[in-house]
Amino acid sequence: MTRMSVPTIELSPAASLPLLDAVKKQLGVVPNLMRLVGNSPAALEGYLSLSGALGKGSIGAKTGERIALAIAEINRCDYCLSAHTYLASNVAKLDAAEISANRHGQSGDAKADAAVRFAASVAVERGHVSDTAVAAVKAAGFTDAEVIEIVLHVALNTLTNYVNSVAHTEIDFPVVNAYSQA
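When we follow full-length UniProt numbering, the leftmost residue of the sequence shown carries the number 1, and every step to the right adds one.
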């Protein structure tokens, strides 16, 4: 059971309404996470701003989804695993084997593998990654700017993982459970 209010759009704070409307226009629906975060218009604006900016980054949407899956698994966030498995499959067009690899902090694509492994290291080590980890992601062809984008994808996904874990947000995607909970 959810621990926090997930208001309908109509009962959301007035300042959140245009932001939630933009989410609906982009996705066709307003997921429970967005309505939950919309309890705080400032938090919703901040989340959407960072998410939108990273969406324009150079690592690409597929790599972003791969990172999201790895981080959700590390943080055992069933809501985010469910949402990102759906998005990875239906939007990024990743196959089941790739999604499984991503959840294990890997990828079948060599360059993406370096990004996902690095992202997992950032999450597990709480940012205190080794020189070897940084060298490996850069050796795979990622620029300093792209390494920063990867770190920010980790932060953004950790943020939503934590919000959903604290709130016990009701999952409104096909349910996927973390491996450690299965």
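Don't be surprised by glycine CBs; every beta carbon is placed ideally from N, CA and C.
Values in this document were obtained by computation on a predicted structure and should not be read as measured data.
Residues of its chain near residue i, where Cβ-Cβ distance is below 8 Å and the 5 sequence neighbours each way are ignored
{"i": "glutamate 65", "result": "His84, Leu87, Ala88, Val91, Ala92, Leu94, Asn102"}
{"i": "asparagine 177", "result": "Asp78, Leu81"}
{"i": "alanine 136", "result": "Ala114, Arg117, Phe118"}
{"i": "valine 175", "result": "Asp78, Ser82"}
{"i": "alanine 182", "result": "Unreliable placement is indicated for alanine 182, whose pLDDT of 47 sits below 50; the coordinate value is still reported in the next sentence. So no residue of the chain qualifies."}
CB of residue i within 8 Å of CB of residue j, strictly
{"i": "isoleucine 67", "j": "isoleucine 150", "result": "yes"}
{"i": "histidine 168", "j": "arginine 3", "result": "yes"}
{"i": "tyrosine 162", "j": "glutamate 73", "result": "no"}
{"i": "tyrosine 39", "j": "threonine 158", "result": "It is asparagine, not tyrosine, that sits at residue 39 in the sequence shown. It is not a contact, given that the beta carbons lie outside the stated cut-off."}
{"i": "leucine 156", "j": "serine 51", "result": "yes"}
{"i": "valine 30", "j": "isoleucine 9", "result": "yes"}
Segment limits, alpha helix (DSSP H) that includes residue i
{"i": "cysteine 77", "result": "Unbroken run through cysteine 77: none, as it is neither H nor E."}
{"i": "arginine 103", "result": "96-103"}
{"i": "alanine 15", "result": "Unbroken run through alanine 15: none, as it is neither H nor E."}
{"i": "alanine 42", "result": "41-55"}
{"i": "leucine 33", "result": "32-37"}
Cβ shell of residue i (< 7 Å), same chain only, five flanking positions each side left out
{"i": "glutamate 45", "result": "Leu19"}
{"i": "glutamate 98", "result": "Ser107, Gly108"}
{"i": "alanine 15", "result": "Pro41"}
{"i": "lysine 138", "result": "Val147"}
{"i": "aspartate 144", "result": "none"}
Same chain only: Cβ atoms within 6 Å of residue i, ignoring 5 sequence neighbours per side
{"i": "lysine 62", "result": "Ala92"}
{"i": "valine 6", "result": "Asn32, Arg35, Leu36"}
Give, in chain order, every unbroken run of the beta strand (DSSP E) that is at least 3 residues long and sits entirely within the segment 115-146.
none
Given 8 Å, three or more beta-carbon pairs between the segment 19-32 and the segment 117-125:
no
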